[in-house]
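Counting from 1, position 66 in the sequence shown corresponds to residue 65 in numbering that gives the first Met the number 0; the numbering is continuous, with no gaps. Everything below concerns the one structure shown next.
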Amino acid sequence: MSERKDELYALTLDFLDAFNRNDLDAVMAFFTPDAVYDELNGVRSEGLTAIRSAFAPQFEGKFGTMTFNEDDTFIDAEAGKVMSSWDLHIAKTDGTLILRGLDLLQFKGRKVTCKQTYVKAKSALYEASK
């Protein structure tokens, strides 16, 4: 692996670890001030304030206790792009839900400029407006 590829892989694992520690400040430290977050429900958040607001319910435990387990990671070091697939375990009082998903991450240096999240679901998470 190239040095840059190793660096991007380590950054991706550290980013995932910050989510698993439920540390919103650590997660936010990965983003550039003008970063974009495309959520799994189609909502697009731009800038640190909007991204923090989008993540707040998750970090407040509104969906249960969430743990991401890395599955596979593809890296284009030259472009600064990472595709990280994972299993998401959501522990709730009535049991554990497991979802499969992935993040497409765009890095500039050591910071994330764009995070796009996709999740496999049994039914649509939202409907397109007509």
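Built from N, CA and C at the ideal position, the CB exists for glycine as well.
query, result
"For a test of the three-state rule: what should DSSP assign to Leu10, helix, strand or coil?", "helix"
"Suppose the cutoff is 7 Å on Cβ atoms and the five residues either side in sequence are ignored; what does the same chain contact list for Lys119 look like?", "Leu98, Arg99, Gly100"
"Would you identify the three-state DSSP class for Leu39, choosing helix, strand or coil?", "coil"
"Across the region 24 to 44 and the region 109 to 119, are there enough close Cβ pairs to call them in contact, namely three or more that are closer than 8 Å?", "yes"
"Would you mind sorting Ser83 into buried or exposed? The rule is 16 or more other CB atoms within 10 Å of its CB.", "buried"
"Can you give, in chain order, each stretch of the alpha helix (DSSP H) that sits fully within the region 41 to 126 and has at least 4 residues?", "47 to 58"
"At a cut of 8 Å, does the region 49 to 58 reach the region 66 to 77 through at least three beta carbon pairs?", "no"
"Please report the straight-line C-alpha distance between Phe14 and Gly46, rounded to a whole angstrom.", "18 Å"
"Hey, quick one: how far does the alpha helix (DSSP H) through Arg25 stretch, first residue to last?", "Looking at the sequence provided, one finds Ala at residue 25 rather than Arg. Segment 23 to 27, the alpha helix (DSSP H) holding Ala25."
"Name the residue from Thr48, Ile89, Asp71 whose alpha carbon lies nearest to the alpha carbon of Leu103.", "Asp71"
"Ile89 and Gly63: beta carbons closer than 8 Å?", "yes"
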